[in-house]
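Below is one structure; the comments refer to it alone.
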Amino acid sequence: MEKQEDKREEKKIKNGASKAKKSTAKKESETKKDETKAKGSKIENNKTKSEKKESKAKNNESKNEKKESKIKNEEANSEKTYEVKMKRKAGSRCLSFIWNIVVKIITIAIIFISIIIVVQKVTNNQESFLGFRIFRVQTGSMIPKYQIGDVILVKEVDTDKIQIGDDVTYEGKTGAMNGMLVTHRVVDIEEVDGKRVFHTQGIANNLEDPVVSEEQINGVVQTKMYILSLICMLLNNKYIFYFCGILPLTIYVAFKIFRSKKVKKIEKEN
Numbered sequence: 003m004e005k006q007e008d009k010r011e012e013k014k015i016k017n018g019a020s021k022a023k024k025s026t027a028k029k030e031s032e033t034k035k036d037e038t039k040a041k042g043s044k045i046e047n048n049k050t051k052s053e054k055k056e057s058k059a060k061n062n063e064s065k066n067e068k069k070e071s072k073i074k075n076e077e078a079n080s081e082k083t084y085e086v087k088m089k090r091k092a093g094s095r096c097l098s099f100i101w102n103i104v105v106k107i108i109t110i111a112i113i114f115i116s117i118i119i120v121v122q123k124v125t126n127n128q129e130s131f132l133g134f135r136i137f138r139v140q141t142g143s144m145i146p147k148y149q150i151g152d153v154i155l156v157k158e159v160d161t162d163k164i165q166i167g168d169d170v171t172y173e174g175k176t177g178a179m180n181g182m183l184v185t186h187r188v189v190d191i192e193e194v195d196g197k198r199v200f201h202t203q204g205i206a207n208n209l210e211d212p213v214v215s216e217e218q219i220n221g222v223v224q225t226k227m228y229i230l231s232l233i234c235m236l237l238n239n240k241y242i243f244y245f246c247g248i249l250p251l252t253i254y255v256a257f258k259i260f261r262s263k264k265v266k267k268i269e270k271e272n
């Protein structure tokens with residue numbers, strides 16, 4: 003009986019030991035699994051962190067690239083703006099240069115015309131300025147080429163160079179034309195006693211003028227002065243003269259006076 007009990011106890015001890023071993027092994031395996039899981043989760047966390055770092059670095063790189071592209075675009079835009087400004091400046095300089103030339107030409111032309119008119123007025127049409135004279139058409143004998151009131155530029159020339167078809171200005175010596183300045187067309191040229199004489203006639207006239215000698219001729223018409231003719235026509239109309247001449251001049255003078263008073267007031271306040 004005792005042997006059987008001993009055997010039973012041994013079996014119990016063995017079973018307990020095997021159970022302990024099994025539980026220990028189980029615990030060890032579970033521990034190993036936990037460790038493996040922990041290692042795996044750690045690795046995954048590290049991977050996630052590294053991926054996050056990489057994505058962050060990529061985002062930073064993309065941001066830097068965007069900034070660089072923005073800076074480049076701004077530089078390109080500034081360069082374009084600078085080029086546009088330079089082109090505008092060059093264009094404005096060119097226009098300013100052309101305008102200055104035009105103003106100078108107009109100024110010289112006005113001075114030239116003014117001197118011619120003054121010389122003629124002072125000398126009663128007996129002298130010219132650099133061979134030029136200015137006359138105003140008084141009659142309709144040269145219509146349709148010259149209208150009444152047109153201003154013409156006449157230049158002194160060698161009478162040997164005058165040809166048929168030229169429009170000449172001469173001083174009448176006989177009949178109703180005596181003492182008058184006449185501008186008519188040369189229709190024929192003859193030579194009498196070694197001197198040339200000219201047959202002239204108005205375009206709108208049916209009869210020739212009395213024969214004109216070389217001494218009577220003041221010169222050949224060079225051109226009709228269109229701008230001066232227009233100005234003279236406007237000045238002859240009292241209404242146009244008032245609205246285009248007197249009124250603008252009055253407004254300009256009033257503006258100048260008002261501006262000078264305003265400037266003085268600002269200076270006193272300062």
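Count along the sequence shown from 1, add 2, and you get the number used in the numbering used here.
For every residue, glycine included, the Cβ atom is placed at its ideal position computed from N, Cα and C.
Given the structure is predicted, the values throughout are model-derived calculations rather than measurements.
- Excluding its 5 nearest sequence neighbours in each direction, I150 has C-beta neighbours in its own chain below 8 Å: V139, Q140, T141 and G142, listed in chain order.
- For I136, the three-state secondary structure derived from DSSP is strand.
- Scanning its chain for C-beta atoms nearer than 8 Å, with the 5 sequence neighbours on each side dropped, one finds around L183 the residues N127, F137, T171, Y172, E173, G174 and N220, in chain order.
- Residue nearest to D190 within the set I112, Q165 and V104 is Q165 (criterion: CA-CA distance).
- Note: S116 is not bridge-paired with any residue in the DSSP secondary-structure output.
- In terms of Cβ geometry, F134 and I119 do not form a close pair [threshold 8 Å].
- Non-local C-beta neighbours of T176 in its own chain, meaning closer than 6 Å and more than five positions away in sequence, comprise P212, ordered along the chain.
- Relative to D162, the option among N208, V199 and N61 whose CA is nearest is V199.
- Closest in C-alpha terms to E129, from the list K157, K69 and I229, comes K157.
- In this structure, E216 is the residue among T225, N61, E216 and K65 with its C-alpha nearest to the C-alpha of D195.
- Within its own chain, the residues whose Cβ lies closer than 7 Å to the Cβ of F131, once the five positions on either side in sequence are excluded, are I117, I118 and V121, listed in chain order.
- Counted as a single uninterrupted DSSP element, the beta strand (DSSP E) harbouring I191 occupies residues L183 to V194.
- E173 sits in a strand when the DSSP states are folded into three classes.
- Remark: C-beta atoms of K226 and D168 do not approach each other more closely than 8 Å.
- At a Cβ-Cβ threshold of 8 Å, T185 and V223 count as neighbours.
- Counting along the chain, the unbroken beta strand (DSSP E) around F200 starts and ends at K197 to Q203.
- Linking S94 to V104 through their CA atoms gives a straight-line distance of about 15 Å.
- Per DSSP, reduced to three states, the secondary structure at K147 is coil, with no helix or strand assignment.
- Cβ-Cβ distances below 6 Å link N207 to S143 in the same chain, with the five nearest sequence neighbours on each side left out; the list follows chain order.
- The DSSP-derived three-state label of Q165 is coil.
- Counting only the Cα atoms, S98 lies some 45 Å from I205.
- V222 carries a strand assignment under DSSP once its states are collapsed to helix, strand and coil.
- Within a 10 Å sphere around the beta-carbon of I73 sit fewer than 16 other beta-carbons, which makes this residue exposed.
- Per DSSP, reduced to three states, the secondary structure at S130 is coil, with no helix or strand assignment.
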